[in-house]
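Just below is one structure, and these are the notes that go with it.
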Amino acid sequence: MKAAVNLLWVVLSILGALALAHVVGIVNPHEKVNGLWLVVAAACIYVLAYRFYGRWLARQV
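932 is the number of the first residue of the sequence shown in this note's numbering; add one for each residue after it.
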């Protein structure tokens, strides 16, 4: 179960990095930015930040 959860976080991180690369223009520099890539990148970053902030907060309290 723990391996599946870790795999999920790795896949989410890779998806977020790929979406952010599309938004910045690293992957296809001459293509216009699609709004979906921006939403996916923001959602992945938000979920990962929430996870790490929650873990940090749990250890502090």
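A virtual CB, placed ideally from N, CA and C, is assigned to each residue, including glycine.
Excluding sequence positions up to five before and after L943, its CB lies within less than 8 Å of the CB of C975, V978, L979, all in the same chain and listed in chain order. Listed in chain order, the non-local C-beta contacts of V958 below 8 Å within the same chain comprise L949, A952, local neighbours out to five positions each way being set aside. Secondary structure at K933: helix, using DSSP grouped into helix, strand and coil.
By the CB criterion at 8 Å, V954 and V964 fall inside the cutoff.
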